[in-house]
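Read the structure below first, then the notes.
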Amino acid sequence: MDKAPPRAEAERGALEATSFGEALRGWRQERRQSQLALSLAAGVSQRHLSFLESGRARPSRLMALQLAEALDLPLRQRNQLLIAAGFAPSYPKRTLAHPDMAPIRRALDMLLQRHRPYPAVVIDRQWNIMMMNPPMQRMLSLLGDIEAIWRTVCGAGPRNLLKLSMHPEGARPHILNWEEVATLLLWRTRHEAEAQCDAALHELVDEVLQYEGVPRQWRMREQSTAVPAPALALRYGVAGAELSLFSMLSSFGTALDVTADEVRVETFFPTDAASEALLQRLDAS
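Quick note: to get the numbering used here, add 637 to the position in the sequence shown (first position is 1).
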């Protein structure tokens with residue numbers, strides 16, 4: 638029986654694949670499935686699956702989609718698997734400004750506006766900001782000259798929340814529990830990069846690990862023996878006060894567009910009465 642190799646080797650295979658067979662094998666190994674397990678999940682014989690991986694057989698479009706579904710691939714990676722098989726992508730990638738995306742945009746606007754007076758932001762898979770509500774803008778403005786900070790942290794590139802949180806000239810000096818927050822953010826991003834074999838996310842993690850004061854071992858989440866809180870609080874020291882928040886991530890559950898599949902809404906909530914009062918004052922100002 639075919640056995641899955643070590644995770645790093647499987648991940649590299651999925652990222653660097655140049656043919657359908659290589660891509661299929663890389664994803665199967667990344668998902669830690671044997672050929673038998675995947676063949677049963679996809680409704681195909683193990684022998685045919687072996688032929689597909691070796692290049693002795695070519696998949697139909699339906700077969701490629703069946704295997705992508707069985708492997709639980711994100712829409713972007715399903716398109717890549719189809720392209721490797723010689724087919725056109727099935728899932729479009731529209732911008733939020735596209736007319737077809739109007740219902741998605743309205744839903745995002747509704748979430749952002751109805752979350753006031755609390756901060757909320759829409760990000761893509763690489764933590765780049767797509768939309769934010771006024772409370773989020775006001776919270777970021779507490780860091781100082783936010784436009785100058787963005788230029789320092791992101792240069793001419795997209796405004797990136799992970800970079801802002803990790804950069805020594807970004808939000809890092811204002812995050813009172815920065816080490817605790819940073820290790821969790823890096824662990825989560827690395828986990829998503831590995832689960833999706835996402836080269837761009839891997840590059841983002843590698844970039845922020847080069848920042849001054851960020852140890853490389855922070856790729857791995859440290860486990861504490863203490864009983865944890867229900868959710869990690871992000872503690873900001875701003876404007877002579879402490880703002881304590883936790884966040885929740887939301888996504889579309891029935892997306893058929895790559896952008897809609899990858900968009901995330903991060904909504905922030907106060908952990909105490911003082912933080913809630915500060916957010917209400919900011920929203921009223």
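Glycine included, each C-beta is placed from N, C-alpha and C at the ideal position.
Asked, Found
"Do the segment 829-836 and the segment 783-791 touch if we need at least three Cβ pairs shorter than 8 Å?", "no"
"With H, G and I counted as helix, E and B as strand and the rest as coil, what does DSSP make of glycine 874?", "strand"
"Starting from phenylalanine 657, follow the alpha helix (DSSP H) in both directions and report where the run begins and ends.", "657-667"
"What residues in its chain sit with their C-beta under 6 Å from that of tryptophan 855, if we drop five residues either side in the sequence?", "Thr820, Leu823"
"If you measure between the beta carbons of proline 907 and leucine 880, is that distance less than 9 Å?", "yes"
"Please name the residue in Arg684, Met803, Ala757 whose C-alpha comes closest to that of arginine 901.", "Ala757"
"In whole angstroms, what is the alpha-carbon distance linking threonine 862 and leucine 661?", "At threonine 862 the pLDDT is 46, less than 50, meaning the model places this residue with poor confidence; the figure from the coordinates comes in the next sentence. Straight-line Cα distance between these residues: approximately 40 Å."
"Taking the C-alpha atoms as reference points, what is the distance between aspartate 898 and glycine 890?", "8 Å"
"Cutting at 8 Å between CB atoms, please list the residues of its own chain near serine 922, excluding the five before and the five after it.", "Arg775"
"For the segment 868-875 and the segment 798-817, state whether three or more C-beta atom pairs, one from each stretch, are separated by less than 8 Å.", "yes"
"Along the beta strand (DSSP E) that carries methionine 768, what are the first and last residues, could you check?", "766-769"
"Taking buried to mean at least 16 other C-beta atoms within 10 Å of its own C-beta, is proline 810 buried or exposed?", "exposed"
"Please state if the CB of arginine 762 and the CB of leucine 838 are separated by a distance shorter than 9 Å.", "yes"
"Which same chain residues, not among the five before or five after proline 805, have their C-beta less than 8 Å away from its C-beta?", "Tyr848, Glu849, Gly850"
"Give me the residue from Val895, Ser912, Asp920 with the minimum Cα distance to proline 729.", "Val895"
"Run through DSSP, which three-state label would asparagine 716 get?", "helix"
"Could you check where the alpha helix (DSSP H) with proline 756 kicks off and where it finishes?", "No alpha helix (DSSP H) contains proline 756, which DSSP labels as neither H nor E."
"Who are the Cβ neighbours of serine 888 in its own chain at under 6 Å, not counting the five residues just before and after it?", "Arg901"
"Have a look at Ala707, Arg668, Asn716, Ser671 and flag the residue whose alpha-carbon is nearest the alpha-carbon of leucine 893.", "Asn716"
"What first and last residue would you give for the alpha helix (DSSP H) that runs through proline 852?", "Careful: proline 852 lies outside any alpha helix (DSSP H) and carries neither H nor E."
"Roughly how far, in whole angstroms, is the beta-carbon of leucine 799 from the beta-carbon of leucine 841, given that I think they are within contact range, below 8 Å?", "6 Å"
"Please report how far the alpha carbon of asparagine 721 lies from the alpha carbon of glutamine 714, in whole angstroms.", "Reading the sequence as shown, one finds alanine at residue 721 and not asparagine. Approximately 10 Å between the Cα atoms of the pair."
"Looking at the structure shown, is phenylalanine 688 part of a helix, part of a strand, or coil, going by DSSP?", "helix"
"From glutamine 703 to glycine 723, what does the alpha carbon distance come to, in whole angstroms?", "15 Å"
"Ordered along the chain, which non-local residues of its own chain (more than five positions away) have a Cβ less than 7 Å from that of glutamate 706?", "none"
"What's the gap between the Cα of proline 754 and the Cα of leucine 699?", "48 Å"
"Looking only at its own chain, which residues have a Cβ that is under 7 Å from the Cβ of methionine 803, when we skip the five neighbours before and after it?", "Arg809, Ala819, Val845, Tyr848, Val851"
"Leaving out the 5 sequence neighbours to the left and right, which residues in its chain are closer than 8 Å to leucine 718 when beta-carbon positions are compared?", "Phe657, Ala660, Leu661, Trp664, Ala701, Leu704, Ala705, Leu710"
"Just verifying my parser: in three-state terms, what is the DSSP assignment at glutamate 831?", "helix"
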